[in-house]
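Protein chains: 2
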Amino acid sequence: MMKPMINQEIYNLINDSMHIALAVHTNPDGDAIGACTALALVLEKMGKKPIILMKDIPDKYNFIHGKELIYDEYPDNLPLELFIALDCGDKERIGEYISIFDTAKITINIDHHITNPKYADYNLVNSNASSTCEIIYELIKDWGLSLDKEIASSLYTGIAFDTGGFKHNNTSSFTHKIIADLLTYNINFTDIMNKLFFSRSLSATKLLAYALNKMELYQNNQLSICTLDKKELEKFDAKNFDTEGIISFMKNTEGVLIACLLYEKSENEIKVSFRSSDNIDISVIAQIFGGGGHKKAAGCTINKTIIEAKDEVINTILKELF
Amino acid sequence: MMKPMINQEIYNLINDSMHIALAVHTNPDGDAIGACTALALVLEKMGKKPIILMKDIPDKYNFIHGKELIYDEYPDNLPLELFIALDCGDKERIGEYISIFDTAKITINIDHHITNPKYADYNLVNSNASSTCEIIYELIKDWGLSLDKEIASSLYTGIAFDTGGFKHNNTSSFTHKIIADLLTYNINFTDIMNKLFFSRSLSATKLLAYALNKMELYQNNQLSICTLDKKELEKFDAKNFDTEGIISFMKNTEGVLIACLLYEKSENEIKVSFRSSDNIDISVIAQIFGGGGHKKAAGCTINKTIIEAKDEVINTILKELF
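Sequence lines, in order, name chains A and B.
Per the numbering used here, the very first residue in the first sequence carries number 1; after that it's consecutive.
Per the numbering used here, the very first residue in the second sequence carries number 1001; after that it's consecutive.
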């Protein structure tokens, strides 16, 4: 297979630069964190001075290597020759670092989101890749550079995260081939998988138990609904709680086709998450309430009380989908 | 690498036979079910008449192919030339079919348990393999036979199950290479992973919520204990409930080093499961109560009331391990 020209162009741009900024999307997830640390560690090995611009990294990623390259802001005393945006589906996702992107001499956009509008000077967008980390892996191989345990750990983190532990249908045969290679670097994948998907704080465990116990079922158990108001969330000390960890449980209950989790972010600001299985397009419901998303995972905000929001959501789902 | 001679010997034995029985261990799990159906489907393609002897298959494996080859008993009217035991760490694990094993002309033992005493006429025991399915995959390749979607689905099921979804440290680089190959057969791995690890009945979901809510913590949250008495289990209609699904949650709570789940099987018959992390050898505790197991996963039965059993377990753990 022909190697894409853009791979070599990116290599040349990096090779011709010294001071390089890397940024990911706001509220960085496993793929964003894995991709920027892996690439920064590679750049360091190439003799470059990479600066990762990133904030709000969840505690569970404490194990990641390359942390010493992460900064809140680009250092005043350093020049900047090249800006690489990673895993940002559009330019706005770069968040507060967008002003640095806009003033950078040369910009690169490396991403796997199909809707990416190719907003940089150089764009490597591959929507067949499970994750941005899969693209970074290909680049490293294509450039003829070698991996090490730290880089392999970061890449594993991103690929495992974005594939839901090799479960989602973005996982390909090629994904597993990459993982087979990464495992030769003696990485602690058991620990990474546990941290990504299985560890929960005590309060998160108790909140999950509470939510599953409270969950209500409608339409012969096909529709599962749970509401969590501000008081309840405060009781479990759940400020930035893991909605995914609760709603995926609701959806994986036998017979459930649609799961819906409503929580009160502030007074009359109800965040609603939807999940569906089979061929139910739940984004239709989110759109009715001014939200959006994918066919099987969508969300919206409803500015009512949580009781009113719940009733409206149930009625709308029953009317539109049953 | 030299192909092991035993692979060819097994091929010759199969080739020279027509009526072949396959059996797995009692209370078959994903690897046992995957291995026997995969091999039986291969034997059928070779023009043989395989009979799988297997009972008590959990409902969640309904998706598996080759089900039409599963029998409760070996048919009276059929001769039997060859008996293949799969995933049976010792002969006793064959259970009620041991009498057929004993009367079979030729017996084969294919397994991955390191303690396997090689109890058959021909023994293929590879403790480096993650699963018996990994060994079956190697055999099929070694024999020069081709896979298909149904066989690949069975093999994926067994490998995914025994590696805990590619998470346990028995997962190797070779394991992922096999999975990369299996995915080229267009198998529905998302569905298999969901069925193996994420789907729960409504009563199992409610029991999990109940147990996590009831869970008590000792020693600065390092020891997690939960008891479920007969009345509680009956309330959740939990006859053969998934202890693993509860205790793994207890152990994955942040800070917990030891998890212990006690349930009342019958009056004064308390089943105790232990899990530990880091370097804590929890089998020591199980052994004190006449049980056993592995370093990080062990169990025992205590013939007392559940309250007495709980107190004894806590006191013993505190005395021995803290």
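Don't be surprised by glycine CBs; every beta carbon is placed ideally from N, CA and C.
This structure is a prediction, so every number in the text was calculated from the model and none was measured.
Q: Answer with yes or no whether the minimum CB distance from B:Tyr1074 to chain A is below 8 Å.
A: As a working mapping, residue 1074 of chain B is identified with position 74 in the second sequence. Cβ-Cβ to chain A under 8 Å: no for B:Tyr1074.
Q | Integer-rounded CB distance, given that B:Leu1257 should sit under 8 Å from B:Gln1222 | A | The residue labelled residue 1222 of chain B in the question sits at position 222 within the second sequence. The residue labelled residue 1257 of chain B in the question sits at position 257 within the second sequence. Their Cβ separation, rounded to whole angstroms, is 5 Å, which keeps B:Gln1222 and B:Leu1257 in contact under 8 Å.
Q.
Does chain B have any CB closer than 8 Å to the CB of A:Ile246?
A. Taking the first sequence and counting its residues from 1, one reaches residue 246 of chain A at position 246. No, A:Ile246 does not count as interfacial toward chain B.
Q. Cα separation between B:Lys1304 and B:Gly1291?
A. Mapped onto the second sequence, residue 1304 of chain B falls at position 304. Mapped onto the second sequence, residue 1291 of chain B falls at position 291. Near 15 Å, if we compare the C-alpha coordinates of B:Gly1291 and B:Lys1304.
**Q.** Closest residue to A:Tyr71 among A:Pro50, A:Ala85, A:Lys60 and A:Met215 (Cα-Cα distance)
**A.** Taking the first sequence and counting its residues from 1, the one referred to as residue 71 of chain A is at position 71. Comparing Cα-Cα distances from A:Tyr71 to each of A:Pro50, A:Ala85, A:Lys60 and A:Met215, the minimum goes to A:Pro50.
Q: Note down, in chain order, all residues in the stretch 231-259 of chain A with a beta-carbon under 8 Å from any beta-carbon belonging to chain B.
A: Correct list: Ser248, Phe249, Asn252, Thr253, Glu254 and Gly255.
**Q.** Spatially closest choice to B:Lys1295 from B:Asn1169, B:Ile1282, B:Ile1302 and B:Phe1289, by CA coordinates
**A.** Taking the second sequence and counting its residues from 1, one reaches residue 1295 of chain B at position 295. Answer by Cα proximity: B:Ile1282.
Q: Give the DSSP-derived three-state secondary structure of A:Ser99 in the structure shown.
A: The residue labelled residue 99 of chain A in the question sits at position 99 within the first sequence. A:Ser99 sits in a helix when the DSSP states are folded into three classes.
Q: Examine the Cβ distances between the stretch 1125-1133 of chain B and the stretch 1095-1105 of chain B and report whether three or more of them are shorter than 8 Å.
A: The stretch 1125-1133 of chain B vs the stretch 1095-1105 of chain B: no contact.
Q) Mapping DSSP to helix, strand and coil, what is A:Val24? A) On the first sequence, position 24 is the one that residue 24 of chain A refers to. Three-state result, A:Val24: coil.
Q: In the DSSP assignment, find the unbroken alpha helix (DSSP H) run with B:Cys1036 in it and report its ends.
A: One-based indexing of the second sequence puts residue 1036 of chain B at position 36. Here the alpha helix (DSSP H) through B:Cys1036 covers Gly1030 to Lys1045.
Q. Since A:Tyr122 is in the beta strand (DSSP E), which residue starts that stretch and which ends it?
A. Start at 1 with the first residue of the first sequence, and residue 122 of chain A comes out as number 122. Under the DSSP assignment, A:Tyr122 falls in the beta strand (DSSP E) whose first and last residues are Tyr122 to Val125.
Q) So A:Ile223 is in the beta strand (DSSP E); what residue range does that whole segment cover? A) On the first sequence, position 223 is the one that residue 223 of chain A refers to. Reading off the sequence shown, one finds Leu at residue 223 of chain A, where the question assumed Ile. Counted as a single uninterrupted DSSP element, the beta strand (DSSP E) harbouring A:Leu223 occupies residues Leu223 to Leu228.
Q. Based on the DSSP output, what are the partners of B:Asn1109 in its beta bridges?
A. Here the question's residue 1109 of chain B lines up with position 109 in the second sequence. For B:Asn1109, the pairing in a beta bridge is given by DSSP as B:Ala1085 and B:Asn1123.
Q) Between B:Ile1159 and chain A, is there a C-beta pair that is closer than 8 Å? A) To locate residue 1159 of chain B, count along the second sequence from 1; it is residue 159. No, B:Ile1159 lies away from the interface with chain A (no Cβ there is under 8 Å from its Cβ).
Q) Are the beta-carbon atoms belonging to B:Leu1041 and B:Glu1150 less than 8 Å from one another? A) Counting from 1 along the second sequence, the entry for residue 1041 of chain B is found at position 41. Counting from 1 along the second sequence, the entry for residue 1150 of chain B is found at position 150. The Cβ-Cβ distance between B:Leu1041 and B:Glu1150 falls below 8 Å.
Q.
Can you tell me whether B:Ile1246 is helix, strand or coil according to DSSP?
A. Here residue 1246 of chain B refers to the residue found at position 246 when the second sequence is read from its first residue. Here B:Ile1246 sits in helix by DSSP.
Q: Step through the CB atoms of chain B and report whether any lies within less than 8 Å of the CB of A:Lys141.
A: What you label residue 141 of chain A is simply residue 141 of the first sequence in a count that begins at 1. So no, A:Lys141 is outside the interface.
Q: Check the C-beta distance from B:Leu1053 over to B:Ala1023 and give it rounded, since I have them as a contact under 8 Å.
A: Within the second sequence, residue 1053 of chain B is the residue found at index 53, counting from 1. Within the second sequence, residue 1023 of chain B is the residue found at index 23, counting from 1. That pair is a contact at about 4 Å.
Q. Hey, how far is the Cα of B:Glu1244 from the Cα of B:Ala1238?
A. Here the question's residue 1244 of chain B lines up with position 244 in the second sequence. Here the question's residue 1238 of chain B lines up with position 238 in the second sequence. If you take the alpha carbons of B:Glu1244 and B:Ala1238, they lie about 13 Å apart.
Q. Beta-carbon separation of A:Asp148 and A:Tyr97 under 8 Å?
A. Within the first sequence, the letter at position 148 stands for residue 148 of chain A. Within the first sequence, the letter at position 97 stands for residue 97 of chain A. No. Outside cutoff.
Q) Which residue from B:Ile1246, B:Glu1234, B:Phe1241 and B:Thr1205 puts its Cα closest to that of B:Ile1225? A) Translated into positions along the second sequence, residue 1225 of chain B becomes position 225. Closest by alpha carbon: B:Ile1246.
**Q.** Distance between beta carbons of B:Ala1035 and B:Gly1144, contact taken as under 8 Å
**A.** Start at 1 with the first residue of the second sequence, and residue 1144 of chain B comes out as number 144. Start at 1 with the first residue of the second sequence, and residue 1035 of chain B comes out as number 35. With a beta-carbon spacing of about 20 Å, B:Gly1144 and B:Ala1035 fall beyond the 8 Å limit used to define contacts.
Q | Neighbourhood of A:His19 by C-beta distance below 6 Å, restricted to the same chain and skipping five residues each side | A | Looking up residue 19 of chain A in the first sequence gives position 19. Excluding its 5 nearest sequence neighbours in each direction, A:His19 has C-beta neighbours in its own chain below 6 Å: Lys49, Leu78, Pro79, Leu80 and Glu81, listed in chain order.
Q: Only counting runs of 3 or more residues, tell me where the beta strand (DSSP E) segments fall wholly within the stretch 177-227 of chain A, in order along the chain.
A: Runs found: 216-218.
Q | Proximity winner among B:Leu1086, B:Lys1091, B:Gly1095 and B:Gly1089, relative to B:Glu1073 (alpha-carbon distances) | A | Here the question's residue 1073 of chain B lines up with position 73 in the second sequence. Closest option to B:Glu1073, judged by alpha-carbon separation, among B:Leu1086, B:Lys1091, B:Gly1095 and B:Gly1089: B:Gly1095.
Q) Does any residue of chain B bring its CB to less than 8 Å from the CB of A:Tyr137? A) Residue numbering aside, residue 137 of chain A sits at position 137 when the first sequence is read from its first letter. Closer than 8 Å: no.
Q.
Please list, in chain order, the chain B residues whose beta carbon lies closer than 9 Å to that of A:Arg200.
A. The residue given as residue 200 of chain A occupies position 200 in the first sequence. The answer, in chain order, is Phe1249, Asn1252, Thr1253 and Glu1254.
Q | Near-chain B residues of the stretch 171-185 of chain A - C-beta to any C-beta below 9 Å | A | For the stretch 171-185 of chain A, which is checked against every Cβ of chain B, the residues closer than 9 Å are Thr171, Ser172, Ser173, Phe174, Thr175, His176, Lys177, Ile178, Ile179, Ala180, Asp181, Leu182, Leu183 and Thr184.
Q. Do we get a CB-CB distance below 8 Å when we pair B:Thr1190 with the residues of chain A?
A. The residue you call residue 1190 of chain B lines up with position 190 of the second sequence. At a cut-off of 8 Å between beta carbons, B:Thr1190 contacts chain A.
Q. Name the chain B residues that come within less than 7 Å of A:Ala209, Cβ to Cβ?
A. Here residue 209 of chain A refers to the residue found at position 209 of the first sequence. Ordered by position in chain B, the residues that pass the 7 Å Cβ test against A:Ala209 are Ala1209, Leu1212 and Asn1213.
Q.
What does the Cβ neighbour count give for A:Leu318, buried or exposed, with the cut at 16 atoms within 10 Å?
A. To locate residue 318 of chain A, count along the first sequence from 1; it is residue 318. Exposed.
Q: Give the C-beta separation of B:Ala1263 and B:Leu1228 to the nearest angstrom, bearing in mind that I take them to be a contact with Cβ-Cβ under 8 Å.
A: Against the second sequence, residue 1263 of chain B aligns to sequence position 263. Against the second sequence, residue 1228 of chain B aligns to sequence position 228. Inspection of the sequence shows that residue 1263 of chain B is occupied by Tyr rather than by Ala. About 4 Å separates the beta carbon of B:Tyr1263 from that of B:Leu1228, a gap short enough to meet the 8 Å contact definition.
(Q) Checking the sheet assignment: what are the DSSP bridge partners for A:Glu269? (A) Counting from one through the first sequence, the residue named residue 269 of chain A turns up at place 269. DSSP lists A:Ser266 as partners of A:Glu269.
Q. Which one of B:Ile1302, B:Leu1233 and B:Ile1084 has the shortest CA to CA distance from B:Asp1111?
A. Locating residue 1111 of chain B in the second sequence gives position 111, where the first residue counts as 1. Nearest C-alpha to B:Asp1111: B:Ile1084.
(Q) For chain B, check one thing: does any of its Cβ atoms lie closer than 8 Å to the Cβ of A:Thr346? (A) Any property of residue 346 of chain A remains undetermined from this structure, which presents chain A solely from 1 to 322.
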